[in-house]
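In the working numbering, the protein residues as written are 6 to 282.
C-beta atoms are modelled at their ideal positions from N, C-alpha and C, and glycine is treated no differently.
The next block holds one structure in the form of structure tokens; read it before the comments.
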Amino acid sequence: MNTLVITRLTIQEARRRKLLWTALLLGLAFLAFFGIGLYFMYRDAVQHITAQSMQLNILLNFALMAGLYTVNFLVVMMAVLTPVDTLSGEITSHTIQCIVTKPLNRWEVVVGKWLGFVVMLLLYVAFMAGGVMLIVYAITRYNAPNAWEGIGLMLLAGLVLLTVSILGGTRLSTLANGVLGFGLYGLAFIGGWIEQIGALVRNETAVNLGIMTSLVMPSEALWKRAAYQMQPPVIRELGVTPFSAASAPSDAMIVYAGLYVLAILGLALWAFQRRDL
6 MNTLVITRLT
16 IQEARRRKLL
26 WTALLLGLAF
36 LAFFGIGLYF
46 MYRDAVQHIT
56 AQSMQLNILL
66 NFALMAGLYT
76 VNFLVVMMAV
86 LTPVDTLSGE
96 ITSHTIQCIV
106 TKPLNRWEVV
116 VGKWLGFVVM
126 LLLYVAFMAG
136 GVMLIVYAIT
146 RYNAPNAWEG
156 IGLMLLAGLV
166 LLTVSILGGT
176 RLSTLANGVL
186 GFGLYGLAFI
196 GGWIEQIGAL
206 VRNETAVNLG
216 IMTSLVMPSE
226 ALWKRAAYQM
236 QPPVIRELGV
246 TPFSAASAPS
256 DAMIVYAGLY
266 VLAILGLALW
276 AFQRRDL
């Protein structure tokens, strides 16, 4: 019960600081620009490309994946920035001493805050990714294969970074915590491309280096798997778009990412329990 109270207060605090409203307005602006651009692109494309042709399907899938790629980056920002000072800021201002009092346990504070940000991230992913897919379908009647699985993988990638941000807040300052989150994301991003290039040129060292960075931070590997799932098999095999993966992460990486979230959350509970407040 105490955990749910902290969850509710976390969401209310985000509303008070206008985090949710800012994210909503920026999300609406992105969806509006994306929809307008897609409408004019599709209107011109159908005049030169036969409907239901392979070229049109490739173009529509590329437009969809480009929109979702942007959404994935916005999800990363949301996951890192919204909880970046939820613990570190309260520790610095000493307000945490008013929260962590009996009969409230420290683990209830961490889990409650984590759940609050998970709820916000879930709604944001559903709104943004679902909005992109709905716009594409409304204008072009194109559906992405395995859409629900792809959205789920994007959410899991966000959960990975969100949980890392919660862990960082137990020991680091707000600024250092933000640098940690985006630094790990940058490492995963570069490692993912190194792995893809290594797979194309059949360089085992580059592939192994990319896999190692995915183990440190699996966010980019989850996006690669999501993009792989949401492309038709023929587009995957042709490799005609930047989102066609030469080496798609396996199911084992998805399981690893789930265990990664649980392990990082457990480490956050341990670190906060032993933090001198």
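On the criterion of 16 or more Cβ atoms from any shown chain inside 10 Å, does residue i qualify as buried, or is it exposed?
i, result
"Ala257", "exposed"
"Val221", "exposed"
"Leu172", "buried"
"Gly188", "exposed"
"Gly191", "exposed"
"Asn77", "buried"
"Gln52", "exposed"
"Leu161", "buried"
"Val260", "exposed"
"Glu242", "exposed"
Would you mind stating whether residue i and residue j have Cβ atoms separated by less than 7 angstroms?
i, j, result
"Ser224", "Gly174", "no"
"Thr87", "Leu24", "yes"
"Leu43", "Ile144", "yes"
"Ser252", "Glu200", "yes"
"Leu227", "Leu167", "no"
"Met235", "Gly155", "yes"
"Arg111", "Gln278", "yes"
"Gly121", "Thr15", "yes"
"Val115", "Ala273", "yes"
"Gly196", "Lys229", "no"
Report the rounded CA-to-CA distance for residue i versus residue j, giving the unit in angstroms.
i, j, result
"Gly203", "Pro247", "15 angstroms"
"Tyr147", "Thr179", "43 angstroms"
"Thr284", "Pro254", "A question about residue 284 goes unanswered here, because the residues of the chain that appear run from 6 up to 282."
"Asp90", "Asn182", "8 angstroms"
"Gly40", "Ile140", "6 angstroms"
"Gly117", "Thr12", "4 angstroms"
"Leu185", "Asp49", "44 angstroms"
"Met83", "Val239", "33 angstroms"
"Tyr265", "Trp119", "15 angstroms"
"Val81", "Gln17", "22 angstroms"
"Leu29", "Ala134", "13 angstroms"
"Arg21", "Val85", "19 angstroms"
Contact defined as beta carbons within less than 8 angstroms: I believe residue i pairs with residue j. What is the distance between those atoms, to the nearest angstrom?
i, j, result
"Met138", "Ala149", "6 angstroms"
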